[in-house]
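Note that our numbering has the sequence shown beginning at 3, numbered continuously upward. A virtual CB, placed ideally from N, CA and C, is assigned to each residue, including glycine.
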Amino acid sequence: MIDPHVHLRDWTESDKETLVHAFYVAWRCGISALFEMPNTNPPLTARNAVLRRIADADRARRSFADQTAIHHKHAILGATRNRVQSPLSAPFHGLYAGLTADPDQVRHAAAVHGELFPRVVGCKLYAGHSTGHMGVTTVAAQSIVWRTLASAGYRGVVAVHAEREDLLRPEIRNPDDPLTHGASRPPLAEIASVQTQLTLAEAAGFRGTLHVCHVSTPEALEIITRERAGLPFTVTAGVTPHHLLLDSEYAAASVPGPRDLPGARGSGFTVNPPLRDRSARERLLAAVLAGEADWIESDHAPHTWADKLDGAAGLPGIPAFRCLCDYLGRTMDHDTVRRMTSTRVLEVFGIDPGLVPRNPAASGPFGREEYGLLAREYPWDPYTGGQLCR
Numbered sequence: 003m004i005d006p007h008v009h010l011r012d013w014t015e016s017d018k019e020t021l022v023h024a025f026y027v028a029w030r031c032g033i034s035a036l037f038e039m040p041n042t043n044p045p046l047t048a049r050n051a052v053l054r055r056i057a058d059a060d061r062a063r064r065s066f067a068d069q070t071a072i073h074h075k076h077a078i079l080g081a082t083r084n085r086v087q088s089p090l091s092a093p094f095h096g097l098y099a100g101l102t103a104d105p106d107q108v109r110h111a112a113a114v115h116g117e118l119f120p121r122v123v124g125c126k127l128y129a130g131h132s133t134g135h136m137g138v139t140t141v142a143a144q145s146i147v148w149r150t151l152a153s154a155g156y157r158g159v160v161a162v163h164a165e166r167e168d169l170l171r172p173e174i175r176n177p178d179d180p181l182t183h184g185a186s187r188p189p190l191a192e193i194a195s196v197q198t199q200l201t202l203a204e205a206a207g208f209r210g211t212l213h214v215c216h217v218s219t220p221e222a223l224e225i226i227t228r229e230r231a232g233l234p235f236t237v238t239a240g241v242t243p244h245h246l247l248l249d250s251e252y253a254a255a256s257v258p259g260p261r262d263l264p265g266a267r268g269s270g271f272t273v274n275p276p277l278r279d280r281s282a283r284e285r286l287l288a289a290v291l292a293g294e295a296d297w298i299e300s301d302h303a304p305h306t307w308a309d310k311l312d313g314a315a316g317l318p319g320i321p322a323f324r325c326l327c328d329y330l331g332r333t334m335d336h337d338t339v340r341r342m343t344s345t346r347v348l349e350v351f352g353i354d355p356g357l358v359p360r361n362p363a364a365s366g367p368f369g370r371e372e373y374g375l376l377a378r379e380y381p382w383d384p385y386t387g388g389q390l391c392r
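Right, here's the structure in full:
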């Protein structure tokens with residue numbers, strides 16, 4: 003299984019998540035590869051930052067594999083004392099280079115992708131501000147990004163956070179009322195942004211892959227499904243566990259804080275784009291079950307509980323990724339689930355399957371108990387103890 007959309011924090015945000023810890027949770031969930039978003043601190047917009055992140059990830063992978071090997075050796079000691087064990091692995095780590103409104107930086111990011119692929123799996127465009135404030139928010143600036151990529155001959159993946167900044171209404175958001183978060187980032191902001199990005203990319207002569215991240219509305223997925231066959235570039239859509247399994251009713255609930263910390267009404271469910279209403283969620287899920295999305299992605303974005311109370315957007319998502327995989331497996335055929343959780347990602351990104359290690363946990367049991375153990379690795383479980391796992 004491959005999770006192509008995660009935020010692994012670390013560096014100045016190691017209180018939220020670290021590379022080693024994320025590799026541990028992902029491997030326990032059966033995930034063999036993680037593709038990391040660039041809104042780290044500092045962001046992954048320059049070659050030196052990208053190289054530093056790759057080096058740190060490599061050290062974290064070695065540390066994880068060494069620790070796992072020690073635990074594995076202790077577990078098998080005696081029964082297989084004289085048998086040589088295969089080296090244990092860690093998830094493949096790739097990352098996206100962030101794009102800004104500066105044409106020189108965009109050309110630089112495209113060159114870094116060409117130089118460091120497959121460790122740099124693609125580029126990321128924030129078409130609206132989210133965590134990290136990396137937004138390229140005007141249509142004029144976005145047009146320059148697409149034209150610069152096209153003129154540079156970039157044919158890789160551009161992952162897009164699609165929300166139209168001019169349709170967001172931050173002034174109506176009330177931190178004491180989490181329901182207002184969804185109203186401040188309405189469905190139309192995503193729907194219009196998807197159409198805008200498709201139009202701009204086509205007008206620019208782009209010939210790579212435009213991937214729409216974390217699609218949260220059935221209307222946006224319908225636009226992608228309807229228009230991609232007639233475009234001269236590839237268009238893909240990713241969907242998340244939280245947009246398929248949770249809805250805005252959760253934000254209306256009074257939830258306790260974790261581990262005896264204070265609670266707040268719905269604060270834990272703040273995410274960009276927001277959770278939608280039940281009708282939209284059910285229609286989006288039906289479209290996914292009909293095969294209209296390309297893959298699932300966790301958008302794993304952990305925060306401290308104090309940050310959540312302060313309005314930080316994002317949910318821990320790696321354990322839920324596995325839950326959603328198993329949920330789809332009870333409804334869809336095996337080949338379709340495998341395509342949505344691994345093979346389609348490899349095909350679109352052009353990554354050699356041999357680079358992705360086999361993870362034995364992918365075929366192991368993963369019920370409420372397994373989910374609960376891993377969900378407790380984070381301050382709060384938005385899925386309330388794994389009731390979504392069988």
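6 Å Cβ shell around residue i - same chain, five flanking residues per side excluded
i	result
residue 85	Per-residue confidence for residue 85 stands at a pLDDT of 29, beneath the threshold of 50, marking its modelled position as unreliable; no derived number is given.
residue 297	240, 342, 346 and 347
residue 330	339
residue 72	At residue 72 the pLDDT is 46, less than 50, meaning the model places this residue with poor confidence; the figure from the coordinates comes in the next sentence. No residues qualify anywhere along the chain.
Euclidean distance between Cα positions of residue i and residue j
i	j	result
residue 126	residue 109	13 Å
residue 314	residue 21	20 Å
residue 210	residue 111	14 Å
residue 141	residue 310	31 Å
residue 178	residue 336	44 Å
residue 91	residue 174	48 Å
residue 137	residue 42	14 Å
residue 66	residue 9	18 Å
residue 154	residue 205	15 Å
residue 139	residue 358	35 Å
residue 13	residue 38	14 Å
Nonlocal neighbours in the same chain, by C-beta distance under 7 Å from residue i, ignoring five residues either side
i	result
residue 208	148, 151, 152 and 235
residue 318	302, 304 and 380
residue 30	363 and 376
residue 26	66
residue 354	none
Three-state secondary structure assigned by DSSP to residue i
i	result
residue 126	strand
residue 193	helix
residue 33	coil
residue 146	helix
residue 307	helix
residue 5	strand
residue 15	strand
residue 214	strand
residue 100	strand
residue 253	helix
residue 289	helix
residue 67	helix
Residue from the options whose Cα sits closest to the Cα of residue i
i	options	result
residue 62	238, 41 and 93	93
residue 213	199, 205, 220 and 221	199
residue 170	300, 202 and 275	275
residue 161	316, 383 and 7	7
residue 182	360, 251 and 294	251
residue 286	219, 320, 202 and 185	219
residue 349	248, 222, 249 and 123	123
residue 280	386, 246 and 165	246
Same chain, Cβ closer than 8 Å to residue i, neighbours up to 5 away in sequence not counted
i	result
residue 269	180, 257, 310, 311 and 313
residue 231	none
Count Cβ pairs between the region 114-133 and the region 184-199 that sit closer than 8 Å; are there 3 or more? Yes, they touch.
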